[in-house]
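Going by the working numbering, the sequence shown opens with residue -3, and the numbers climb by one from there.
Here the structure comes first, spelled out in structure tokens, and everything after it is commentary.
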Amino acid sequence: MKGLILSGGLGTRLRPLTHTGAKQLIPIANKPVLHHVIEDLASAGIKDVGIIVGYDKIRIDSIIESIGNGSKFGIKVTYIVQDAPRGLAHAVGIAQDFLGDEDFVLYLGDNLLKSGIKSCMSDFRRNKPHINLLLAEHNEPHRFGVAVLDDKGNVIDVEEKPKNPKSNFVITGVYIFTKEIFDAIKKVKPGLGGELQITDAIKIFVDDPTKKVIATKVDGWWDDAGTANAILNANLMVLIDKDLEIKGSVSSNSVIQGKLGLGKSSVIYDGCYIKGPVIIGENCEIGPNTYIGPYTSIGDGCKIKGGEIESSIVIGESNIILEKGDKICDSLIGKGSKISSRKNLLPMGHVFVLGENSELGI
-3 MKGLILSGGL GTRLRPLTHT GAKQLIPIAN KPVLHHVIED LASAGIKDVG IIVGYDKIRI
57 DSIIESIGNG SKFGIKVTYI VQDAPRGLAH AVGIAQDFLG DEDFVLYLGD NLLKSGIKSC
117 MSDFRRNKPH INLLLAEHNE PHRFGVAVLD DKGNVIDVEE KPKNPKSNFV ITGVYIFTKE
177 IFDAIKKVKP GLGGELQITD AIKIFVDDPT KKVIATKVDG WWDDAGTANA ILNANLMVLI
237 DKDLEIKGSV SSNSVIQGKL GLGKSSVIYD GCYIKGPVII GENCEIGPNT YIGPYTSIGD
297 GCKIKGGEIE SSIVIGESNI ILEKGDKICD SLIGKGSKIS SRKNLLPMGH VFVLGENSEL
357 GI
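Given below as structure tokens:
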């Protein structure tokens, strides 16, 4: 079985961060989302993976630089360029030469799963369907593709972002297909925006009584990390579950409460209060007199002095100098950013989504 990861798209909902890189490379608990996806595939035994990349050179180069040939993950990677945003079905179709006659897992590159894809693959191998969909219950199903199930768990209908959903089971970013999906894709007609929807291809199977479409329900949480809020939520959930280890040095005059991951050559100076779960990368300097609150991820090479940071992601090589009473919360801060404090400026809490190499005074 092969893997196919969708890693195109412009990431418009995550601008300005995505002006300088792919949204799939934004880190969750100091690891790019795309790395989480690849590790899921590798841990499920999939060693041959195709990655669909978009037509934008900056994003293509950033993904190739991050992933390389896949050897560091124990897999082989083939890159496939989609020349325009033509939909998921089109992306699968252009990967046919790579996928050949093998069954394959389609995994959207901005999705995160607590429990990975092993149960979905087991159900596929045991039941031998034409398609297996990984589903999650959601209170806003109209935002996603929706699947309707019979009492045996078979899929009897699918809809793409329906106004009046027939079910609250949404299709997550994981699908397993046989090679027959390519014949269905050839029958799909462009929808709104000229895109070829994968749900239309799945619908062809659902409507054919000789075909079998099943579903596996997500075990644990699932996150479609396509917005700043979704990324921060995913960061929270990953940090809660993650085992963390202190490899750097912590002053005896600082307080650590809860889980802390501290990378090599990182230092926490006097007077700091770290309330976990918190992860801090390598070669970082924290403090003195700094509060780092729960669900915060700080990338490699950051320097943070004074003030408070909580429930935020600070991407690497950023420099933040705050005064007492300054607080940053619920924020995404791009690589190489500089934030400096200005006293007596309200509000007390600041919310940011900053692109790379930003400079901001607060």
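Note that CB positions come from ideal geometry on N, CA and C, so glycine has one too.
Classify residue i: buried if its beta carbon has 16 or more other beta carbons within 10 angstroms, exposed otherwise.
| i | result |
| --- | --- |
| residue 340 | With a pLDDT of 46 at residue 340, under the threshold of 50, the modelled position of this residue cannot be trusted, and the question is left open. |
| residue 51 | exposed |
| residue 61 | exposed |
| residue 0 | buried |
| residue 382 | The requested residue 382 is not part of the displayed model; the chain covers only -3 to 358. |
| residue 281 | buried |
| residue 253 | exposed |
Can you give me the start and stop residues for the alpha helix (DSSP H) that residue i sits inside?
| i | result |
| --- | --- |
| residue 132 | Segment 127 to 133 is the beta strand (DSSP E) holding residue 132; no alpha helix (DSSP H) there. |
| residue 89 | 84 to 90 |
| residue 29 | 29 to 39 |
| residue 372 | Past the edges of the chain, shown from -3 to 358, lies residue 372, and the structure says nothing about it. |
| residue 61 | 53 to 63 |
| residue 228 | 224 to 237 |
| residue 374 | Here the chain has residues from -3 to 358 only, and residue 374 is not among them. |
When the Cα of residue i is compared with those of the options, which residue comes out closest?
| i | options | result |
| --- | --- | --- |
| residue 38 | 67, 346 and 354 | 67 |
| residue 92 | 60, 176 and 128 | 176 |
| residue 82 | 58, 184 and 158 | 184 |
| residue 383 | 297, 321 and 305 | An answer regarding residue 383 cannot be provided, because it is not within the stretch -3 to 358 covered by the chain. |
| residue 22 | 117, 228 and 98 | 228 |
| residue 116 | 105, 136 and 170 | 170 |
| residue 205 | 150, 245 and 64 | 150 |
| residue 142 | 231, 152, 156 and 130 | 156 |
Which stretch, first to last residue, makes up the beta strand (DSSP E) that contains residue i?
| i | result |
| --- | --- |
| residue 1 | -2 to 3 |
| residue 219 | 218 to 220 |
| residue 201 | It is not in any beta strand (DSSP E) - residue 201 instead sits in the alpha helix (DSSP H) that spans 194 to 202. |
| residue 252 | 251 to 253 |
| residue 152 | 151 to 156 |
| residue 77 | 72 to 77 |
| residue 316 | 315 to 317 |
My guess is that residue i and residue j are in contact by the Cβ rule of under 8 Å, so how many angstroms apart are they, rounded?
| i | j | result |
| --- | --- | --- |
| residue 212 | residue 128 | 6 Å |
| residue 101 | residue 172 | 5 Å |
| residue 249 | residue 267 | 6 Å |
| residue 90 | residue 76 | 6 Å |
| residue 259 | residue 285 | About 21 Å; that fails the 8 Å criterion. |
| residue 24 | residue 221 | 7 Å |
Return the bridge partner residues of residue i from the DSSP annotation.
| i | result |
| --- | --- |
| residue 293 | 275 and 309 |
| residue 207 | Looking at the DSSP assignment, residue 207 forms no beta bridge with any residue, so it has no partner. |
| residue 357 | 336 |
I want to see whether chain C comes within less than 8 Å of residue i, judged by CB atoms only; does it?
| i | result |
| --- | --- |
| residue 161 | In summary, chain C is missing from the structure at hand, where a single protein chain is found. |
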